[in-house]
Amino acid sequence: MVFLVVLFAVLYRGLHLRPFDRILISFLLAQILLNSLANFLQYHKTNNHWVYHLNCITTQVIFSVYFFFLFTDVARKKILLYGSLIFILFYVLNIVFIQPYYTFNSYSYAMGAFLFVAFALMSFYGWMEGLPATNILQLKEFWGAAGILFYFGSSFFIFISYEYLSEVSAKNVGILWKLHNVFLTLGCFIFLKAIFSKQWILKSSS
Numbered sequence: 024m025v026f027l028v029v030l031f032a033v034l035y036r037g038l039h040l041r042p043f044d045r046i047l048i049s050f051l052l053a054q055i056l057l058n059s060l061a062n063f064l065q066y067h068k069t070n071n072h073w074v075y076h077l078n079c080i081t082t083q084v085i086f087s088v089y090f091f092f093l094f095t096d097v098a099r100k101k102i103l104l105y106g107s108l109i110f111i112l113f114y115v116l117n118i119v120f121i122q123p124y125y126t127f128n129s130y131s132y133a134m135g136a137f138l139f140v141a142f143a144l145m146s147f148y149g150w151m152e153g154l155p156a157t158n159i160l161q162l163k164e165f166w167g168a169a170g171i172l173f174y175f176g177s178s179f180f181i182f183i184s185y186e187y188l189s190e191v192s193a194k195n196v197g198i199l200w201k202l203h204n205v206f207l208t209l210g211c212f213i214f215l216k217a218i219f220s221k222q223w224i225l226k227s228s229s
């Protein structure tokens, strides 16, 4: 539904899509498709954890590409590369030793969320240090990073506690996941704000 709203806006408001916008739209589309598939499999009482594994990897790739375009200096791109390698290593070790492929890989989600929060904070710090006096609230990069910080920052605590709560109370897990969906929806609205923003940071200013 969110993706359809974005598509309608692009067609009828004549938005000029930049690479950041296309990446965010791809995330919105991926969430609609993968979450719909997961719900469909759950409705038919079929194991859907492989969909969440796919979602985890897809999300990691999408926002790694996002930060690759966002970071313009070599130092931060190296940090992004090292962070991606750490995630890949952790993801494999988590499947092999902790959370098998047929279970929900909440720790991998938590690791990915932690990295994205760190990258978003790095972005904000760089803007505070390097941007000239300007209204940062007008910039699409600001709203993109704000959406990432909000969604992944909020969801980190859900992901990190999911394993424990699933063993203690299935009811609490259900409530926790509904809360996650609220954070995801609000995060997507912030991404929409980023897509609709018409100002961006020039390469030389990052």
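Heads up, the sequence shown is in the working numbering, so the first residue is 24 and it goes up one at a time. Heads up, the beta-carbon is just placed ideally off N, CA and C, and yes, glycines get one too.
>> Based on DSSP bridge pairs, tell me the residues matched to Q222.
In response: Residue numbering aside, residue 222 sits at position 199 when the sequence shown is read from its first letter. Per DSSP, the beta-bridge partners of Q222 are L162.
> Do S131 and N117 have their CB atoms nearer than 8 Å?
Replying inline: Along the sequence shown, one-based indexing puts residue 131 at 108. Along the sequence shown, one-based indexing puts residue 117 at 94. Cβ atoms of S131 and N117: closer than 8 Å.
> So which of F142, L112, G149 and A98 has the shortest CA-CA distance to F90?
Replying inline: Taking the sequence shown and counting its residues from 1, the one referred to as residue 90 is at position 67. Closest by alpha carbon: F142.
> Does the distance from the CB of L162 to the CB of Q65 come in under 8 Å?
Replying inline: The residue you call residue 162 lines up with position 139 of the sequence shown. The residue you call residue 65 lines up with position 42 of the sequence shown. Not a contact, by the Cβ cut-off of 8 Å.
>> For Y125 and H76, what's the separation of their Cα atoms in angstroms?
In response: Residue numbering aside, residue 125 sits at position 102 when the sequence shown is read from its first letter. Residue numbering aside, residue 76 sits at position 53 when the sequence shown is read from its first letter. Distance between the alpha carbons of Y125 and H76: 9 Å.
> Excluding the five sequence neighbours on either side, which residues of its own chain have a C-beta within less than 7 Å of the C-beta of M134, listed in chain order?
Replying inline: For the purposes of this step, residue 134 is taken as residue 111 along the sequence shown, with counting starting at 1. Correct list, in chain order: F110 and F113.
>> My output table needs one value for D44: the three-state DSSP class, helix, strand or coil.
In response: Counting from one through the sequence shown, the residue named residue 44 turns up at place 21. In this structure, D44 counts as helix in the three-state DSSP scheme.
> Residues in its own chain within less than 8 Å of N195 by CB, not counting five upstream and five downstream?
Replying inline: As a position in the sequence shown, residue 195 is number 172, starting the count at 1. Excluding residues within five positions, the ones whose Cβ falls inside 8 Å are L188.
> What's the call for Y185, buried or exposed, on a 16-neighbour Cβ count within 10 Å?
Replying inline: Reading the sequence shown from its first residue, position 162 is the one you call residue 185. Y185 should be labelled buried.
>> Only counting the same chain, and skipping five residues up and downstream in sequence, which positions put a Cβ closer than 8 Å to that of A61?
In response: Taking the first residue of the sequence shown as 1, we reach residue 61 at position 38. Within the same chain, A61 has close Cβ partners N71, V74, Y75 and N78.
> In chain order, which continuous runs of the alpha helix (DSSP H) of length 4 or greater are located wholly inside the region 69 to 120?
Replying inline: 72 to 93 and 97 to 116
> Looking only at its own chain, which residues have a Cβ that is under 8 Å from the Cβ of F173, when we skip the five neighbours before and after it?
Replying inline: As a first step, residue 173 is located in the sequence shown; it is residue number 150 there, counting from the start. Same-chain partners within the cutoff: F206, L209, G210 and I213.
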